[in-house]
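Trainee: My structure is below; once you've seen it, I'll send some questions.
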Amino acid sequence: MLKKTFLIPIFFIILVYSANAHPLDVVYSEIFVKNSSLNYSIKVSSVYLSDILGLDNIEQLNKESIDERIVQEYFDDNLEISSENEKCNSQLKRISLEQDYNKNPQSPVFFHFDASCKEQINYLEITSTLFSEYSYSKTFMTDVYYKNKTQNLIIGYADKVVLPILLDEEYAGEKIKTGNLARAANFIKLGIHHIFIGYDHIAFLIGIIIIIISFKQAVKIVTAFTIAHSITLILSALDIFTIPQMVAEAIIALSIAYVGFENLYFKEIKRRWLVAFSFGLFHGFGFSSVLKEIGIPKDFAIVSLLSFNVGVEIGQIVIVALILPMIWYIRRYKWHGEFKKTISGTILVLGIYWLITRTFLLV
Numbered sequence: 168m169l170k171k172t173f174l175i176p177i178f179f180i181i182l183v184y185s186a187n188a189h190p191l192d193v194v195y196s197e198i199f200v201k202n203s204s205l206n207y208s209i210k211v212s213s214v215y216l217s218d219i220l221g222l223d224n225i226e227q228l229n230k231e232s233i234d235e236r237i238v239q240e241y242f243d244d245n246l247e248i249s250s251e252n253e254k255c256n257s258q259l260k261r262i263s264l265e266q267d268y269n270k271n272p273q274s275p276v277f278f279h280f281d282a283s284c285k286e287q288i289n290y291l292e293i294t295s296t297l298f299s300e301y302s303y304s305k306t307f308m309t310d311v312y313y314k315n316k317t318q319n320l321i322i323g324y325a326d327k328v329v330l331p332i333l334l335d336e337e338y339a340g341e342k343i344k345t346g347n348l349a350r351a352a353n354f355i356k357l358g359i360h361h362i363f364i365g366y367d368h369i370a371f372l373i374g375i376i377i378i379i380i381s382f383k384q385a386v387k388i389v390t391a392f393t394i395a396h397s398i399t400l401i402l403s404a405l406d407i408f409t410i411p412q413m414v415a416e417a418i419i420a421l422s423i424a425y426v427g428f429e430n431l432y433f434k435e436i437k438r439r440w441l442v443a444f445s446f447g448l449f450h451g452f453g454f455s456s457v458l459k460e461i462g463i464p465k466d467f468a469i470v471s472l473l474s475f476n477v478g479v480e481i482g483q484i485v486i487v488a489l490i491l492p493m494i495w496y497i498r499r500y501k502w503h504g505e506f507k508k509t510i511s512g513t514i515l516v517l518g519i520y521w522l523i524t525r526t527f528l529l530v
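Right under this line is the structure:
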């Protein structure tokens, strides 16, 4: 059994390495519908644009390297907009880049399209296989604006995503929930999805709870972490107080390495709740990056922010509820000490790896 525990870090490292390729895995789009035409904007990481163009890395990305014909062909092959089962004609109008687009993988790129359909748009269907070859953990988030109404749709990863959008509620077709309750539910789902694919946050959680021996300790530590990251998530997402994203991500990596080191080399660990709270502040800045990248709807800012945070907490509770009983069960066996060292050593190595790659933008 002990030998099998050493397979865990190997699996974990492979899984985490594959997840590092694209830092922003939210495909955010806005659709403005008017009569038989629409404006469609898609926002993703600049890494995806470099992939479409066949570049080796984003450092090769510049205005001269952007061939709009290649981009148009890619979207023609992977994106279909239809109304009343009739395909609409779409045309790429422009590509917008931020200043650090070829330096920071978190920097977004915007694709702007115009589309025209044959008749008045009552029911819209978006079929997309965009970026499926580049990432396995995407979330598709779409805001649709039509006659002073807004629909917010979120779909987790799939090779092929189909978004059925009912614009006229009296129109015969598939009914889609609209209104603030549905929008809040979508942000909760986004928060849950984000924590489940946030391997660095999961590694930190495992690191801080693996030494816990009582339920009271677990509640104290997890509560401290929750309060801390909730504070900075709100402050950062609302632009009240923030720090550079690269700094936040590097400190998150440092926090992972630290708890792994502390678990291995400190005989007696006191005030783990304080460690969870202190580093939790920086994890909050990390959580906020998703909301800042996709943009919070201005008319729904507070509710969407709180809903996203609720989703993060739900995901966190699920992870702790699954892992903690396993850790306590393993404590029955003589080899539990070696198991703890193996996991802590893995967490230490991952933390160092992330710290190096994030500091020097190697991944």
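Everything in the sequence shown is counted per this note's numbering, starting at 168 for the first residue and increasing by one. C-beta: ideal position from N, C-alpha, C; glycine also.
#1: Looking only at DSSP bridge pairs, what is residue 207 linked to?
#2: Go through its chain and collect everything with a Cβ distance to residue 474's Cβ below 6 Å, but skip five positions before and after it.
#3: Taking three-plus beta-carbon pairs below 8 Å as touching, is the region 387-406 in contact with the region 507-515?
#4: Would you call the CB atoms of residue 289 and residue 374 closer than 8 Å?
#5: So for residue 256, helix, strand or coil by DSSP?
#6: What are the partner residues of residue 469, as DSSP defines its beta bridges?
#7: Going by DSSP in three states, residue 399 sits in which element: helix, strand or coil?
#8: Tell me which same chain residues have a C-beta within less than 6 Å of the C-beta of residue 518, skipping the five on either side of it?
#9: Residues in the same chain with beta-carbon distance under 8 Å from residue 281, minus the five sequence neighbours each way, listed in chain order, please.
#10: Quick one: measure Cβ to Cβ for residue 194 and residue 298, integer angstroms, because I've assumed they're closer than 8 Å.
#11: Would residue 435 count as contacting chain D if we go by Cβ distances under 8 Å?
#12: Can you tell which of 364, 213, 235 has the C-alpha that lies nearest to the C-alpha of residue 227?
#13: State yes or no: is the C-beta of residue 234 within less than 8 Å of the C-beta of residue 220?
#14: Please state whether DSSP places residue 500 in a helix, a strand or coil.
#15: Nearest CA to the CA of residue 405: which residue from 196, 472, 218, 277?
#16: What ranges does the alpha helix (DSSP H) occupy inside the region 397-433, keeping only unbroken runs of at least 4 residues that lie completely in it?
#17: Candidates 255, 217, 253, 252: which alpha carbon is nearest residue 587's?
#18: So, using beta-carbon positions, are residue 242 and residue 262 closer together than 8 Å?
#19: Figure out for me which residue from 229, 457, 392, 379 has the closest Cα to the Cα of residue 436.
#20: Would you identify the three-state DSSP class for residue 212, choosing helix, strand or coil?
#21: Output the distance between the C-alpha atoms of residue 470 and residue 365, rounded to the nearest integer angstrom.
#22: Can you name the start and end residues of the alpha helix (DSSP H) that residue 240 belongs to?
#23: Need the endpoints of the alpha helix (DSSP H) that residue 372 sits in, please.
#24: Taking the C-alpha atoms as reference points, what is the distance between residue 401 and residue 368?
#25: For residue 457, tell me which candidate among 484, 275, 432 has the shortest Cα-Cα distance.
#26: What does the Cβ neighbour count give for residue 244, buried or exposed, with the cut at 16 atoms within 10 Å?
#27: Would you please state the rounded distance, in angstroms, between the beta carbons of residue 487 and residue 376? I believe it to be under 8 Å.
#28: Less than 8 Å separating the beta-carbons of residue 449 and residue 398?
#29: Verify whether the separation of the beta carbon atoms of residue 482 and residue 359 is less than 8 Å.
#30: Quick check on this structure: which residue in 265, 311, 225, 348 has the alpha carbon closest to the alpha carbon of residue 200?
#31: With residue 293 as the anchor, note down where its beta strand (DSSP E) starts and where it stops.
#32: Residues in its own chain within less than 7 Å of residue 239 by CB, not counting five upstream and five downstream?
#33: Anyone know if the C-beta pair for residue 444 and residue 527 falls short of 8 Å?
Mentor: Reading from the atomic positions:
#1: Residue 207 sits at position 40 when you count from the first residue of the sequence shown. Bridge partners of residue 207: 198, 280.
#2: Start at 1 with the first residue of the sequence shown, and residue 474 comes out as number 307. 351, 354, 355, listed in sequence order.
#3: no
#4: Within the sequence shown, numbered from 1, the residue matching residue 289 stands at position 122. Within the sequence shown, numbered from 1, the residue matching residue 374 stands at position 207. No, the Cβ-Cβ distance between residue 289 and residue 374 is not below 8 Å.
#5: Here residue 256 is taken as the residue at index 89 of the sequence shown, counted from 1. The answer is strand: DSSP assigns residue 256 an E or B state.
#6: For the purposes of this step, residue 469 is taken as residue 302 along the sequence shown, with counting starting at 1. DSSP, once it has assigned bridges, lists no residue as partnering residue 469.
#7: Taking the sequence shown and counting its residues from 1, one reaches residue 399 at position 232. Residue state, collapsed to three classes: helix.
#8: Your numbering for residue 518 matches position 351 in the sequence shown. Cβ within range, chain order: 420, 423, 424, 427.
#9: Numbered from 1 along the sequence shown, position 114 holds the residue referred to as residue 281. Within the same chain, residue 281 has close Cβ partners 204, 205, 206, 207, 257, 258, 260.
#10: Walking along the sequence shown from the start, residue 194 turns up at place 27. Walking along the sequence shown from the start, residue 298 turns up at place 131. About 7 Å; that satisfies the 8 Å criterion.
#11: Although the question refers to chain D, the structure presented lacks it and comprises just one protein chain.
#12: Within the sequence shown, the letter at position 60 stands for residue 227. Residue 227 has its Cα closest to that of 213, out of 364, 213, 235.
#13: Taking the first residue of the sequence shown as 1, we reach residue 234 at position 67. Taking the first residue of the sequence shown as 1, we reach residue 220 at position 53. Yes; because the gap between Cβ atoms is below 8 Å, this pair is in contact.
#14: Residue numbering aside, residue 500 sits at position 333 when the sequence shown is read from its first letter. Reduced to three states, the DSSP call for residue 500 is coil.
#15: Against the sequence shown, residue 405 aligns to sequence position 238. The candidate whose alpha carbon is nearest that of residue 405 is 472.
#16: 412-432
#17: Not covered by the structure: residue 587. The range shown for the chain is 168 to 530.
#18: One-based indexing of the sequence shown puts residue 242 at position 75. One-based indexing of the sequence shown puts residue 262 at position 95. 8 Å or more divides the Cβ of residue 242 from the Cβ of residue 262.
#19: Position 269 of the sequence shown, counted from the first residue, corresponds to residue 436. Among 229, 457, 392, 379, the Cα nearest to that of residue 436 is on 379.
#20: The count along the sequence shown starts at 1 and reaches residue 212 at position 45. Strand.
#21: Translated into the one-based positions of the sequence shown, residue 470 becomes position 303. Translated into the one-based positions of the sequence shown, residue 365 becomes position 198. If you take the alpha carbons of residue 470 and residue 365, they lie about 23 Å apart.
#22: Against the sequence shown, residue 240 aligns to sequence position 73. If you look at residue 240, you'll find it in the alpha helix (DSSP H) that goes 235-245.
#23: For the purposes of this step, residue 372 is taken as the residue at position 205 of the sequence shown. Residue 372 -> alpha helix (DSSP H) spans 366-376.
#24: Position 234 of the sequence shown holds residue 401. Position 201 of the sequence shown holds residue 368. For residue 401 and residue 368, the distance between alpha carbons rounds to 18 Å.
#25: Taking the first residue of the sequence shown as 1, we reach residue 457 at position 290. Of 484, 275, 432, the residue nearest in Cα terms is 275.
#26: The residue labelled residue 244 in the question sits at position 77 within the sequence shown. Using a 10 angstroms sphere on the CB of residue 244, the tally of other CB atoms stays under 16, which defines it as exposed.
#27: Numbered from its first residue, the sequence shown carries residue 487 at position 320. Numbered from its first residue, the sequence shown carries residue 376 at position 209. Sure, about 6 Å apart at Cβ, within 8 Å.
#28: Counting from 1 along the sequence shown, the entry for residue 449 is found at position 282. Counting from 1 along the sequence shown, the entry for residue 398 is found at position 231. No.
#29: For the purposes of this step, residue 482 is taken as residue 315 along the sequence shown, with counting starting at 1. For the purposes of this step, residue 359 is taken as residue 192 along the sequence shown, with counting starting at 1. Yes; because the gap between Cβ atoms is below 8 Å, this pair is in contact.
#30: For the purposes of this step, residue 200 is taken as residue 33 along the sequence shown, with counting starting at 1. Measuring from the Cα of residue 200, the nearest candidate turns out to be 311.
#31: In the sequence shown, residue 293 corresponds to position 126, counting from 1. That run of the beta strand (DSSP E) goes 290-295.
#32: For the purposes of this step, residue 239 is taken as residue 72 along the sequence shown, with counting starting at 1. Counting only residues of its own chain and dropping the five nearest sequence neighbours on each side, residue 239 has a CB closer than 7 Å to the CB of 259.
#33: Start at 1 with the first residue of the sequence shown, and residue 444 comes out as number 277. Start at 1 with the first residue of the sequence shown, and residue 527 comes out as number 360. The answer is no: Cβ separation not under 8 Å.
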